[in-house]
């Protein structure tokens, strides 16, 4: 069978390791020319190493694929422009953008520093905006394009200890919904994927946090390590991302998917589910009276109050 | 309902925030009326509106103090929270309404337009929640009500900055509810629909006409024409969430418009594909995805020939 992305040019951010690397390699295997972008930082965003992106480029080339390395930071507006420009200069276009770069700085909200907030939001949310913004200009000119951004169950469902990451990742889901509407008419699709995979990033989530979440029935990023799901390697996310980049998915726009260990799920969009309405303005007392029997029926509290020890 | 409570309301000088501040005061709370006093696009500080609302509250027999610090700055946000502690001795309720708009299609949006909107909405909400929650955690009591938006949850064209910020506030709300719930603090979010100086702009009304002509979906969710929706209608639900009656309502989202309040669902997996032995191949996805995960999906902005 012919390769699905022959002649297409792709940019994958955070492509040096983990999920991003698996996506870059599968895009290349399907014939795409790939800009492998990675600053080569540690999980917390510190440090830089060119060898991280170079290694993936070498791996792709050794299998006969086309790839170039990019070491720019997605968090910088002008640097992100250069990442996109690399694809256009080297391969003549940008057909596929995968926003995957990210870092983690977990902390309970009441202890989180401004710096921990800023660093995580800068890479995930601003980084996704920066690359999307610059790619959108070219894609609009080309009248074709695929943008796939990594969101997370941490943002979509909420994980304790990840206010910065959860906000950034739900922000990416919101950005995806808007940009899908801004760009759809130009033949561009914009979708989000919430991946779950065992990577060096999820390996930083402490077992104590996993245990605490498990006790409350909350999923941890990367799945339950104790369960050791068989197909939780970073390769488990790439097939769906690459599928979304192919012509077969040309009508799929503005959606969010959950991909985890062999499962691919469409997430529904938030929507009003139960409504109370009256003639004239509510009083708070009226709402208090009606709420438990109407909107509040069987509402789960994700973290009920505990008496102080 | 709120006798003896102390509240901070950001963006309380006008529109929805003003209505919330007055309603909290009418319910007995002492209120810090915070408003930086800027234009809708965030420019030209002038300290009028917060003082006007304080005067209104005092005329109605309530207690309030003005604050003109910007939520977008970490230290200034701390001063807003400290104002409550210094003037009224405690902080029970935080309502984060402050926000600005800089609408632009994604391919024309400037970095400055992105940064300005994210700074006030998202960083501003984080700043205030972060400073308030340390105090609330010590006292084992708190009510936080953030403001998200239909633009973030459902997606409105031309609002990449605002939609991303508001969706990020929803993520922050979900995590904060989980981090703080055990300490007797609830964190919920309102998605308001109302006609204010922020929403009823010439640009909005013009782009609404263009969208109608082009068939681009904008999720009005049956709320009707925005110009008929009074910003003061949002406040009663906020007062309820700030009250003891709502002690076990946590991590929830409510769409408020006119005289209606709706519970908003949170995303759930609705259609799934599962493979138990190994990773998916593209051949398998080509064959299986259209009739399963992707079945019945509509494109919210279908491609237009020659556009």
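Residue numbers (my numbering), protein chains in the order written: chain E, 1 to 309; chain G, 310 to 616. By construction, the Cβ of each residue, glycine as well, lies at the ideal position given by its N, Cα and C atoms. Quick caveat, the model's predicted, so the values are computed rather than measured.
- Here the alpha carbon of residue 125 of chain E sits roughly 11 Å from the alpha carbon of residue 103 of chain E.
- The straight-line gap separating the alpha-carbon atoms of residue 478 of chain G and residue 599 of chain G is approximately 33 Å.
- Residue environment analysis places residue 604 of chain G among the exposed positions, since fewer than 16 neighbouring C-beta atoms fall within 10 angstroms of its C-beta.
- If the five residues before and after residue 538 of chain G are omitted, its C-beta is found closer than 8 Å to the C-beta atoms of 502, 503, 504, 532, 566, 567, all from its own chain and listed in chain order.
- Of the candidates G/371, G/341, G/369, G/370, the residue whose Cα lies closest to the Cα of residue 358 of chain G is G/341.
- Rounded to the nearest whole angstrom, the CA to CA distance from residue 72 of chain E to residue 423 of chain G is 20 Å.
- The residue among G/318, G/495, G/323 with its C-alpha nearest the C-alpha of residue 433 of chain G is G/318.
- Using a Cβ-Cβ distance cut-off of 8 Å, the segment 81-98 of chain E and the segment 109-122 of chain E are not in contact, since fewer than three pairs of beta carbons, one from each stretch, lie closer than that value.
- The DSSP assignment places 145-150 as complete runs of the beta strand (DSSP E) inside the segment 109-164 of chain E, in order along the chain (cut-off: 3 residues).
- Per DSSP, reduced to three states, the secondary structure at residue 300 of chain E is coil, with no helix or strand assignment.
- Secondary structure at residue 376 of chain G: strand, using DSSP grouped into helix, strand and coil.
- For residue 237 of chain E, the closest C-alpha among the options E/9, E/27, E/8, E/3 is that of E/27.
- Within the segment 257-277 of chain E, the residues whose Cβ lies closer than 8 Å to any Cβ of chain G are, in chain order, 257, 258, 262, 263, 264, 265, 266, 267, 268, 269, 270, 271, 272, 273, 274, 275, 276, 277.
- In this structure, residue 164 of chain E sits away from residue 193 of chain E, with a CB-CB distance that is not shorter than 8 Å.
- For residue 369 of chain G, the three-state secondary structure derived from DSSP is coil.
- Ranking G/349, G/364, G/321, G/610 by CA distance to the CA of residue 378 of chain G puts G/321 first.
- Judged by DSSP in its simplified three-state form, residue 197 of chain E adopts coil rather than helix or strand.
- In the DSSP assignment, residue 294 of chain E falls outside any beta strand (DSSP E) and carries neither an H nor an E.
- Using beta-carbon distances, residue 236 of chain E counts as an interface residue toward chain G, with a partner under 8 Å.
- Residue 396 of chain G sits in a helix when the DSSP states are folded into three classes.
- Note on residue 405 of chain G: 16 or more other CB atoms within 10 angstroms of its CB, so buried under the neighbour-count rule.
- If you draw a straight line from the Cα of residue 284 of chain E to the Cα of residue 597 of chain G, it is about 50 Å long.
- Under DSSP, residue 580 of chain G takes part in a beta bridge, and its partners are E/266.
- The three-state secondary structure of residue 45 of chain E, taken from DSSP, is coil.
- The segment 456-476 of chain G makes contact with the segment 174-182 of chain E; the number of CB pairs closer than 8 Å reaches 3 or more.
- At least one CB atom of chain G sits nearer than 8 Å to the CB of residue 170 of chain E.
- Looking at the backbone, the Cα of residue 97 of chain E and that of residue 275 of chain E are separated by about 39 Å.
- When DSSP states are grouped into helix, strand and coil, residue 13 of chain E belongs to the strand group.
- The secondary-structure analysis by DSSP pairs residue 276 of chain E across a beta bridge with G/570.
- Counting the other Cβ atoms within 10 Å of the Cβ of residue 542 of chain G gives 16 or more, which makes it buried.
- The beta strand (DSSP E) runs of length 3 or more contained entirely in the segment 434-482 of chain G are, from start to end of the chain, 451-456.
- With a threshold of 16 other beta carbon atoms within 10 Å, residue 586 of chain G falls short and is exposed.
- Taking a Cβ-Cβ cut-off of 7 Å, residue 62 of chain E has no neighbours in chain G, whose nearest Cβ is about 21 Å from it.
- Rounded to the nearest angstrom, the Cβ distance from residue 375 of chain G to residue 366 of chain G is 10 Å, too far for a contact under 8 Å.
- Residue 313 of chain G places its beta carbon less than 8 Å from that of residue 337 of chain G.
- For residue 70 of chain E, the three-state secondary structure derived from DSSP is strand.
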